[in-house]
Amino acid sequence: MTFFAAVMFLRGQTAVAQDQVLYWGSRGDEVVRVQQKLSQWEYYTGPLDGVYGYETYRAVQDFQRNNGLAPDGVVGRDTRENLGLSVSQPVPAVSRGAATDRSNITLLARVIEGEAADEPFIGKVGVGAVVLNRLRSASFPNSLSSVIFQDAAFESISNGQAYRPLTQESVQAAQLAMSGYDPTGEALFFWNPSKPVSPWIWSRNILTRIGDHVFAR
Amino acid sequence: MRKWIVPAVIGLLVLAAAGYWGYGRMAASRSLEIQLSNKYQRAFYDLTDRVQDLEVLLSKSLVAADPGLDNTILMDIRQQAAFAQSDLSQLPLSGELAGRTAQFLAQAGDYAYSLAGRLNNGAVINAEHWNTMNDLYRQAVELNRELQGMQYRVAQNNFYFTRLVRQLQKNLPEKPGKTPQTDFQKLDEQMQRYPTLVYDGPFSEHLEQAEPRALKGLEEITPGEAKNNALAFMDRKQGVDYRAEVTGTTGGQIRAYRVEVFGDEENNGDRTVFDISKKGGRVVWMLNSRQTGAKTVELEQARQKALKFLKGRGFGEMRSAYYLLHGNSVTFNLAAVQDGVTIYPDLVKVTVALDNGEVTGVEAAGYLMSHRERDLPVVKISGEQARATINPRLQTSGGKLALIPEGVTDEKLVYEFRGQLGEDKYLIYINAVNGREENVMKLIETPGGTLTM
């Protein structure tokens, strides 16, 4: 961190796998293919509309249960293989090392999902940026996990809201925040003024407002 | 008589079952509470030990004379400070209760590290450094004293931390008297009494108030001009009528107008948000949140598009440094170029949608903060000389000149080499003035892009 602080781009990102992982909220041709397979085997009776909604989610869970997979309702590599859909071979690793920072994207996306699921996209990127700004601030811990899991730091982490299935939008917002987008003017705090908050927080220097959140430093 | 006995017995059984179940739940939650409390206590006692070590080490650093010994002590300070930070972050404290303490620990560790770096480069510790270490020492003594006092109360009360958690959760107003929350508040207030340090480390406070260099001397603009600048900047589609609105402002280092641009009816939902700096009217960032469709544009086409986009908007010559694929978009990191030297601190990120090649995002805050015409240092080492200093096990290529950031304020002119050892790839930076190896980074290639660590 000390070296390329200004060149945060270097802590690059990876989250694009060869096969798209499908979950509640996904859309597109891949979802149609999954729905086709599931309705062939009568797990799914809804329309083949390419929208991964509740029905598809339930059908995937049933399928996973019957096939000895963890019923998480997410179509990942194993489920895809069991559905008989094509699975691309893993790309031979260029490097012998195993370092990635995929887990960081997921972690960041969790906070975004938990704190800003109903916010506009810019607001989601903003929440991600606040987490990353804390990482760079001396007043907060210096690793992503300890910033996120710090007690009383994020309500959705304390009450479990953040453990909902991730949406594509949250993942995308996390990726943009990681690549350096910060719509908040380097904020360190955000809160929803219509909810009860500690009066202390209003003494911070307010920078901007996005959707329902106030951002401050 | 029987008529009421049966329901009564059933009622009693239900009551007994509920009581049994309730007791079980209570015991389970009690045991979880104890476990949690133990974890908190461990973190607290660890923190106290580390701060004690820190105090001792800081005082030693004031009297050590030999640079070698000093160096060892400084590295120990850094390590203990990092551990203490990690322990502090595990306690159930919000930022408002522990912010200043965390900051002290970060600064102590960081300052020690920067001093150790100085010693390694042959510099000596001068009076100013000594005074700073002395300040840090006095703060450590204060922190230690407060923690010792709290330690007594923690030892007296097994549920000290669970009480703290409850207070935090309920967001209770402060009650008079000694509660864990007031303990920590007092601790943080004690730390507040000390002035924040001023030094050139990454956490230096005075840097947070730095002026954006690229906006120096520019005029303030009106909201109307901000709208025009946003409309002129965005990647416009043919035949679409755009309208712009100022919807807010942003404070912070770059004060800006928030401008939103909407397309016409057919492009419903296609909305692009901008921050336009009040000073000079430059785009700080732009983001369009539309979903991208299937990929039709090649990566190289997108790269050309990104470069052309910036060129047409007054950014001068830029060079593509890295890219990152996410979904059906790609974000390029484009660095400024001056006299053929890649200026890594002046970085603009451009996101291109791979469905139609439209530029959907630009992030230029870092660029606006740091961009200026620089006086580059005179090169004293030739590319060949620099290459000769690299570990001979590496196969090297490249060797272009680049400017890299060092800490927050310094920049160094270096040769950038790519090196390969077996399948592993590295970037090696050799100082072009004194021939020192400044940094080695490892390249990790993934389907989404390249990481360096």
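Chains A and B, in that order, are what the protein sequence lines are. FYI, in my numbering the residues of the first sequence are 863 to 1079. FYI, in my numbering the residues of the second sequence are 71 to 523. Even glycine gets a Cβ: it sits at the ideal position worked out from N, Cα and C.
- A straight line joining the alpha-carbon of B:G489 with that of B:S452 spans about 18 Å.
- Taking C-beta separations shorter than 7 Å and ignoring five residues to either side along the sequence, the partners of B:S440 in its chain run R283, P415, D416, following chain order.
- By the 16-neighbour rule on beta-carbons within 10 angstroms, B:G436 is buried.
- Under the 8 Å criterion on CB atoms, B:S359 is classed as interfacial with respect to chain A.
- Using a C-beta cut-off of 8 Å, the segment 1004-1016 of chain A makes no contact with the segment 1063-1078 of chain A, since fewer than three inter-stretch Cβ pairs fall below that distance.
- Considered as a whole, the segment 288-367 of chain B harbours 293-303 as its complete alpha helix (DSSP H) runs of no fewer than 4 residues, in chain order.
- One alpha carbon belongs to B:A300, the other to B:A314, and they sit about 8 Å apart.
- Listed along chain B are L357, each with a C-beta nearer than 8 Å to that of A:V987.
- Put simply, the CB of B:K419 is near chain A, with a gap under 8 Å to one of its CB atoms.
- The C-alpha of B:D340 is placed about 20 Å away from the C-alpha of A:A979.
- Here the alpha carbons of B:A423 and B:K307 stand approximately 13 Å from one another.
- Your pair B:V503 and B:K450 checks out as a contact, with CB atoms roughly 5 Å apart and the cut at 8 Å.
- Relative to the Cα of B:G138, the nearest Cα in the group B:L124, B:S101, B:E476, B:R188 belongs to B:R188.
- Under the criterion of beta carbons closer than 8 Å, B:L369 and B:V400 qualify as touching, at roughly 6 Å.
- Taking the beta carbon of B:A296 as reference, no residue of chain A falls within 9 Å; the closest one sits roughly 14 Å away.
- Cα atoms of B:Y93 and B:V79: separation of roughly 21 Å, rounded to the nearest angstrom.
- Proximity to B:M203 across B:A391, B:Q260, B:D425, B:L144 peaks at B:L144, based on C-alpha coordinates.
- Linking B:W355 to B:R170 through their CA atoms gives a straight-line distance of about 31 Å.
- Just measuring C-alpha positions, the residue of B:P250, B:L206, B:E198, B:T232 sitting nearest B:G219 is B:P250.
- Comparing C-alpha distances from A:L1028 to each of A:G890, A:G1042, A:L970 shows the shortest one belongs to A:L970.
- By the Cβ criterion, the segment 171-186 of chain B is not in contact with the segment 222-236 of chain B, since fewer than three pairs of Cβ atoms, one from each stretch, lie closer than 8 Å.
- For A:L1038, the C-beta contacts it makes with chain B under 8 Å involve L357, H396, T401, T421, G431, in order along the chain.
- With a cutoff of 8 Å on beta-carbon distance, B:I147 and B:L128 are scored as near each other.
- DSSP, reduced to helix, strand and coil, places A:F1077 within a strand of the structure shown.
- Residues of chain B with a Cβ closer than 9 Å to the Cβ of A:A979 do not exist, since the nearest Cβ in that chain sits about 15 Å away.
- In this chain, the alpha helix (DSSP H) harbouring A:R895 covers 891-902.
- Under DSSP, B:D494 takes part in a beta bridge, and its partners are B:L491.
- B:K286 and B:A178 have their C-alpha atoms some 33 Å from each other.
- According to DSSP, residue pairing for A:F1051 in a beta bridge involves A:A1078.
- Closer than 8 Å to the CB of A:R927 there is not a single CB belonging to chain B.
- Between the alpha carbons of B:L404 and B:E433 lies a distance of about 10 Å.
- DSSP, reduced to helix, strand and coil, places A:Q1037 within a helical segment of the structure shown.
- Beta-bridge partners assigned by DSSP to B:K470: B:E486.
- Any Cβ of chain B closer than 8 Å to the Cβ of A:S965 would place that residue at the interface, and such an atom is absent.
- DSSP places B:R442 in the coil class of the three-state scheme, outside both helix and strand.
- DSSP, reduced to helix, strand and coil, places A:Y905 outside both helices and strands of the structure shown, so it counts as coil.
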